[in-house]
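Numbering (the numbering used here), first residue to last: 7 to 76.
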């Protein structure tokens, strides 16, 4: 599995600039949400991540990871 990250870009009128990005993650992203999940009046990025697929002798593994924005 290749590392993945989410990067937020914005146009400044003449080019595209990076606003922020998550740290690289060793998992696949299933979904993400940009919202205030902890009621601190600041948005966070919440990732639903897939770490390991289920197999004949093992269960799959997934989880949530939250990134606070500055």
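Virtual Cβ for every residue (Gly too), placed ideally from N, Cα, C.
So, helix, strand or coil for residue i, using DSSP?
{"i": "residue 22", "result": "strand"}
When you compare each of the options to residue i by their alpha carbons, which one comes out closest?
{"i": "residue 74", "options": "33, 17, 36 and 53", "result": "53"}
{"i": "residue 71", "options": "33, 19, 59 and 62", "result": "33"}
{"i": "residue 40", "options": "13, 17 and 68", "result": "13"}
{"i": "residue 30", "options": "64, 18 and 10", "result": "10"}
{"i": "residue 50", "options": "26, 62 and 36", "result": "26"}
Provide the residue span of the beta strand (DSSP E) that contains residue i, from first to last.
{"i": "residue 69", "result": "67-74"}
Curious, which full-length beta strand (DSSP E) runs of at least 3 residues does the segment 18-64 contain? 22-27, 34-41 and 50-58
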